[in-house]
Every structure is written in C-alpha cells, then in structure tokens.
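Listed in order, the protein sequences are those of chains Y and H. This note's numbering numbers the first residue of the first sequence as 442 and each following residue consecutively. This note's numbering numbers the first residue of the second sequence as 189 and each following residue consecutively.
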Amino acid sequence: EAGVAQSPRYKIIEKRQSVAFWCNPISGHATLYWYQQILGQGPKLLIQFQNNGVVDDSQLPKDRFSAERLKGVDSTLKIQPAKLEDSAVYLCASSQGVLNYGYTFGSGTRLTVV
Amino acid sequence: QKEVEQDPGPLSVPEGAIVSLNCTYSNSAFQYFMWYRQYSRKGPELLMYTYSSGNKEDGRFTAQVDKSSKYISLFIRDSQPSDSATYLCAMAEAGANSKLTFGKGITLSVRP
Chain Y
442 EAGVAQSPRY KIIEKRQSVA FWCNPISGHA TLYWYQQILG QGPKLLIQFQ
492 NNGVVDDSQL PKDRFSAERL KGVDSTLKIQ PAKLEDSAVY LCASSQGVLN
542 YGYTFGSGTR LTVV
Chain H
189 QKEVEQDPGP LSVPEGAIVS LNCTYSNSAF QYFMWYRQYS RKGPELLMYT
239 YSSGNKEDGR FTAQVDKSSK YISLFIRDSQ PSDSATYLCA MAEAGANSKL
289 TFGKGITLSV RP
C-alpha cells in the first residue's frame with residue numbers, strides 16, 4: 442500500500458509571499474487532515490475533510506490559509522501572505538473514515554519563512 | 189491548562205532500559221488514546237491504540253490508560269537504539285467529527 446505523498450519536502454520563502462503544499466492520500470481513504478507542527482510542539486489540526494467536504498476548519502487562520510480537496514482525493518493547502526510564525530512542518534494525514542483513528546501521515550513539508 | 193500535557197524531555201537511557209512515557213489530560217470526554225512515534229524528518233506513525241481504560245501490550249510496548257486519573261502511559265521494555273525517536277500521545281473524543289489532540293512530544297534517545 443502506497444503511503445501518503447506530500448510535496449514539496451522543503452520550501453523557503455520570504456514573508457508576505459505565497460506558498461502551496463500538495464497531498465495525495467492513501468487510495469480509498471475518505472478522510473484527509475492537514476496538521477501544522479511547529480518545532481518542539483505536537484501537531485495541531487488545521488483542517489479536516491470528509492471526501493471533498495470540510496468537517497472541521499475551526500483552527501485554520503482563514504485570513505491567510507486556504508485548503509481544498511477537489512474530487513475527494515488530492516488536496517492543496519495554501520498560505521497567502523506568509524508570516525514568520527508560519528514556519529513549521531505541514532503534515533497531511535488520511536484515514537478510512539472519520540471514526541477510524543488509524544491516521545497515516547505523510548513525511549510533511551518543512552516551511553521556513555524568512 | 190492545555191488539554192493534553194506530556195512530560196518534558198529529552199530523555200536519554202542506556203540500551204536495555206525500561207522506559208516510561210506519560211501524558212495527562214483535562215478533557216474527560218476523551219475516549220480514544222494513542223501513541224505515535226516520529227523519527228527525525230518523518231511523519232508520525234501509529235504505535236499503540238487504546239479505547240477507554242485498561243492495558244494493551246504489543247511486543248515490547250505496553251500502553252496503559254487510567255481514565256479516573258486522566259493519565260496515560262507508554263512503557264518500552266528492553267529499549268533499543270532503534271527506539272530513539274519522538275513519542276507523541278494523542279487523544280480523541282467519540283463522535284463523528286472528533287479530531288486527534290496531540291501532546292508536545294518527548295524525544296527519547298537510547299544509548300548503545
């Protein structure tokens with residue numbers, strides 16, 4: 442079974458620039474999550490999709506962050522404009538259903554905002 | 189008070205030691221308790237999964253949940269250098285829209 446694919450692995454941008462991350466979940470997994478992991482902290486949920494609908498985006502800074510999951514498969518997370526405090530690893534995870542807690546995480550995208 | 193508190197680290201032990209990792213939580217609605225292991229520059233991987241209170245054993249790993257004390261533990265027996273990683277506890281409420289809430293993580297180093 443192929444894992445959760447994320448790209449790019451690393452990204453360095455200047456503050457106020459925009460950036461986008463891509464995630465391809467495990468085939469057949471209906472639920473997709475984007476987490477933000479700041480250095481030295483645990484992952485924090487940004488947004489949760491069930492198929493192509495949003496289940497929870499309560500912690501997504503909507504003034505600068507946006508996410509979509511077209512056709513219920515791949516997903517993109519965008520930041521525009523980026524701030525220094527957005528420097529973090531952005532993790533994508535997927536699971537078979539909302540009540541299945543066996544999340545599979547990708548390796549993440551490490552974002553540095555300078 | 190944070191919903192999930194995890195013992196601060198880092199933790200360094202000799203090979204073969206028994207390791208105890210702990211988390212406390214404040215949300216009495218949490219029903220699902222997990223431990224994830226995260227190697228450097230990798231995503232977290234599920235290590236142990238427990239529903240409600242009790243113990244669960246898998247090889248050298250034992251997870252314990254005490255809901256009355258709002259306390260969970262992960263024990264690693266006969267620790268190996270390959271166990272060197274960051275360990276994250278995670279918890280969730282029951283329900284269709286529930287989400288995982290993670291602790292900060294503790295970095296474990298097992299010395300050969």
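Idealized CB from N, CA, C, for every residue including glycine. Note that the structure is a prediction, hence the values are computed from the model and not measured.
Best match in the options for proximity to residue i [C-alpha to C-alpha]
i      : options                        : result
Y:V460 : Y:G483, Y:Q521, Y:I488         : Y:Q521
Y:K485 : H:P202, H:L199, H:K292         : H:K292
H:S257 : H:T295, H:S241, H:A205         : H:S241
H:S216 : H:E281, H:V298, H:A251         : H:E281
H:Q219 : H:P269, H:S297, H:R265, H:Y259 : H:Y259
Y:L501 : Y:G481, Y:Q477, Y:G513         : Y:Q477
H:P300 : H:R225, H:K244, H:S272         : H:S272
H:V192 : H:P202, H:G204, H:F221         : H:F221
Y:V555 : Y:G549, Y:S548, Y:A529, Y:F546 : Y:A529
Y:D527 : Y:F506, Y:G538, Y:D497, Y:L511 : Y:F506
H:S286 : Y:S516, Y:Y531, Y:G513, Y:V495 : Y:V495
Y:S548 : H:Q194, H:V207, H:R229, H:V298 : H:R229
Y:T517 : Y:H470, Y:D504, Y:Y451, Y:N465 : Y:N465
H:S297 : H:S214, H:K190, H:S200, H:A205 : H:S200
Y:L511 : Y:A443, Y:T472, Y:R450, Y:Y451 : Y:T472
Y:N492 : Y:L480, Y:R450, Y:G469, Y:A523 : Y:G469
Per-residue contacts from residue i into chain Y (C-beta, under 7 angstroms)
i      : result
H:G242 : What H:G242 touches in chain Y: nothing, since even the nearest Cβ is about 16 angstroms away.
H:F290 : G483, P484
H:G231 : L532, F546, G547, S548, G549
H:G293 : G483
Neighbourhood of residue i by C-beta distance below 8 angstroms, restricted to the same chain and skipping five residues each side
i      : result
Y:Y422 : Examination of residue 422 of chain Y is not possible in this model, given that chain Y is present from 442 through 555 alone.
Cβ neighbours of residue i in the same chain (closer than 6 angstroms, five flanking residues each side left out)
i      : result
Y:I453 : T553
H:F290 : L276, A278
Y:S448 : W463
H:Y227 : A273
Nearest-angstrom beta carbon gap, residue j and residue i [assumed within contact, 8 angstroms]
i      : j      : result
H:L197 : H:I264 : Here residue 197 of chain H is Gly; the residue named in the question, Leu, does not match the sequence. In fact, because the Cβ distance is near 14 angstroms, the residues do not count as touching under 8 angstroms.
H:P232 : Y:F490 : The pair is not a contact, with the Cβ atoms about 19 angstroms apart (cut-off 8 angstroms).
H:Y224 : H:L209 : At roughly 11 angstroms, the Cβ-Cβ gap does not stay under 8 angstroms, so H:Y224 and H:L209 are not in contact.
Residue i Cβ short of 8 angstroms to the ligand MG heavy atom set
i      : result
H:M279 : Absence of the ligand MG is noted for the structure shown, with no ligands found whatsoever.
Amino acids of chain H, ordered along the chain, whose beta-carbon sits closer than 9 angstroms to that of residue i
i      : result
Y:Q521 : Within chain H, no residue comes near Y:Q521; the closest Cβ sits about 24 angstroms away, beyond 9 angstroms.
Contacting residues, own chain, Cβ-Cβ under 7 angstroms from residue i (five flanking each side not counted)
i      : result
Y:L525 : K456, V554
Interface partners of residue i on chain Y, CB under 9 angstroms
i      : result
H:L199 : Under the 9 angstroms cutoff, chain Y gives no residues; its nearest Cβ is about 15 angstroms from H:L199.
**Report entry** Residues from the segment 263-276 of chain H in contact with chain Y, defined by Cβ distance under 7 angstroms
**Finding:** L276
Report task. Closer than 8 angstroms, Cβ to Cβ, to anything on chain Y: give me those residues from the segment 204-221 of chain H, in chain order. Result -> Y220
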